[in-house]
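Count along the sequence shown from 1, then add 20; that gives the number in the numbering used here.
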Amino acid sequence: MTLRRRSRRVSQSNAWPGVIEAYRSYLPVSATTPIISLLEGNTPLIYSRQLSQAIGPRAQVYLKYEGMNPTGSFKDRGMTLAISKAVEAKSVAVLCASTGNTSAAASAYAARAGLRSIVLIPSGNIALGKLSQALIHGAKVAPVEANFDACLALAKSLVNNHPITLVNSINPYRIEGQKTCAFEICDALGQAPDYHFTPVGNAGNITAQWKGYKEYRQHRKIDRLPVMLGFQAEGAAPIVHGAVVKNPKTIATAIRIGNPASWQGALTATQESEGAIQAVSDAQILEAYRLLANHDGVFAEPASAASVAGLLQLARTGYFTSRKKRQTTVVCILTGHGLKDPGCAIDSITMPKPLPPSLSAVSKAVGLG
Ligand SMILES: *Cc1c(COP(=O)(O)O)cnc(C)c1O
Numbered sequence: 021m022t023l024r025r026r027s028r029r030v031s032q033s034n035a036w037p038g039v040i041e042a043y044r045s046y047l048p049v050s051a052t053t054p055i056i057s058l059l060e061g062n063t064p065l066i067y068s069r070q071l072s073q074a075i076g077p078r079a080q081v082y083l084k085y086e087g088m089n090p091t092g093s094f095k096d097r098g099m100t101l102a103i104s105k106a107v108e109a110k111s112v113a114v115l116c117a118s119t120g121n122t123s124a125a126a127s128a129y130a131a132r133a134g135l136r137s138i139v140l141i142p143s144g145n146i147a148l149g150k151l152s153q154a155l156i157h158g159a160k161v162a163p164v165e166a167n168f169d170a171c172l173a174l175a176k177s178l179v180n181n182h183p184i185t186l187v188n189s190i191n192p193y194r195i196e197g198q199k200t201c202a203f204e205i206c207d208a209l210g211q212a213p214d215y216h217f218t219p220v221g222n223a224g225n226i227t228a229q230w231k232g233y234k235e236y237r238q239h240r241k242i243d244r245l246p247v248m249l250g251f252q253a254e255g256a257a258p259i260v261h262g263a264v265v266k267n268p269k270t271i272a273t274a275i276r277i278g279n280p281a282s283w284q285g286a287l288t289a290t291q292e293s294e295g296a297i298q299a300v301s302d303a304q305i306l307e308a309y310r311l312l313a314n315h316d317g318v319f320a321e322p323a324s325a326a327s328v329a330g331l332l333q334l335a336r337t338g339y340f341t342s343r344k345k346r347q348t349t350v351v352c353i354l355t356g357h358g359l360k361d362p363g364c365a366i367d368s369i370t371m372p373k374p375l376p377p378s379l380s381a382v383s384k385a386v387g388l389g
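Okay, structure coming up:
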């Protein structure tokens, strides 16, 4: 008797298929493109009561929690497409410069596709969670004694001299994949939000999100577009100042970028939507980071909190009250998971001291004494 061969995959007809399958008709793939996916996307859009109240009586604020992607950041949306296209093009290795999350996503998707991955990171300025991801997925990690911008310049030279695919966001497939975030927001709300808040580093994401909204309107999925508001860290705000920052500084390492690759894309998004790119301080970023964790139960990495810091900054200056609208819907993108950078969480609280194993000492220490 022979055993019947069965498909090893469980049928998942109702399950989320990943962003390429979900939005195939909007993306540059064909029936023969091999799809490399970790079922990224479909991230939660979480209502925030505290932020809605902070903005005004008729405001609804939602958090798009991109930290819930497979490698913990929105970078997975672009990487599924960039790696699929690299496989289609018969590439054998991929390379990126990264402040951390791009390397985490590149190394995970490359591992899944059986490609080699190489990552250049600014040594000493990458959160530990992200570094451990690149290493455990088997990337060749080169810590370079320079900032991100210098790493990207090196990466560009390397791909000019070797047959490897660059998977930074200057790779157009990254932007194409990342626009699915805007599609999901519109699908969840049944319309575009009035305001879209997002952190800005290399500016690939704001470029992609704006492209996504515009394409959805072209296809009549929505009939209006949001105002795009992007936030850089004060010490790394080249777009705000209109000049390259030589030595960008901020605790939010994911947006510690002095010469954004998609600078023009960010300007286009904010000019066409009558939005703006503004700066927030590290203190504001940390305040928003703690507020999100304390009152919404949402743990996002520091760079992510720049969007919420920006929202609170605009609310304080009366940006919303001066606009007489019935209902205001706001979406803040939380780009990455808080567990990426546990060091930042531990540094921003006071670490409790070890106690003797006595009922009285423990009761007293936890406020039940
Ligand atoms: C990459 C990244 C950003 C910045 O996105 P850009 O597309 O470079 O503007 C912000 N937050 C997190 C967590 C990131 O990983």
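Ideal Cβ positions, reconstructed from N, Cα and C, are used throughout, including at glycine. Note that this is a predicted model, so its numbers are computed, not measured.
Would you please verify whether the beta carbon of N62 is less than 8 angstroms from any beta carbon of chain D?
The displayed structure is made up of one protein chain only, and chain D is not part of it.
Pull up the CB-CB distance for I56 and V107, whole angstroms please, since I reckon it's below 8 angstroms.
Yes, I56 and V107 are in contact; Cβ-Cβ is about 6 angstroms, under 8 angstroms.
Less than 8 angstroms between the beta carbons of Q238 and A202, yes or no?
For Q238 and A202, no; Cβs fall outside 8 angstroms.
Curious, which full-length alpha helix (DSSP H) runs of at least 4 residues does the region 51 to 104 contain?
69 to 75
Delimiting residues of the alpha helix (DSSP H) encompassing I366
P362 to D367
T63 classed as buried or exposed, judged by whether at least 16 other C-beta atoms fall within 10 angstroms
buried
For R44, three-class secondary structure by DSSP:
helix
Just curious, the beta strand (DSSP E) that Y215 is in, first and last residue?
Y215 to P219
N191: CB within 7 angstroms of a non-hydrogen atom of ligand 1
no
Compute the Euclidean distance between the alpha carbons of D207 and P268, then round it to the nearest angstrom.
Those two C-alpha atoms are separated by around 37 angstroms.
How is Q211 classed by DSSP in three states: helix, strand or coil?
In the three-state reduction of the DSSP assignment, Q211 falls in the coil class, being assigned neither a helical nor a strand state.
I138 lies in the beta strand (DSSP E); which residues open and close that run?
R136 to P142
Taking the alpha-carbon of Q347 as reference, which of Q73, L354, V39 and P37 has the nearest alpha-carbon?
Q73
Bridge-paired residues (DSSP) for T348:
A79
Ligand 1 and I226: does the residue's C-beta get closer than 7 angstroms to at least one heavy atom of that ligand?
The answer is yes for I226.
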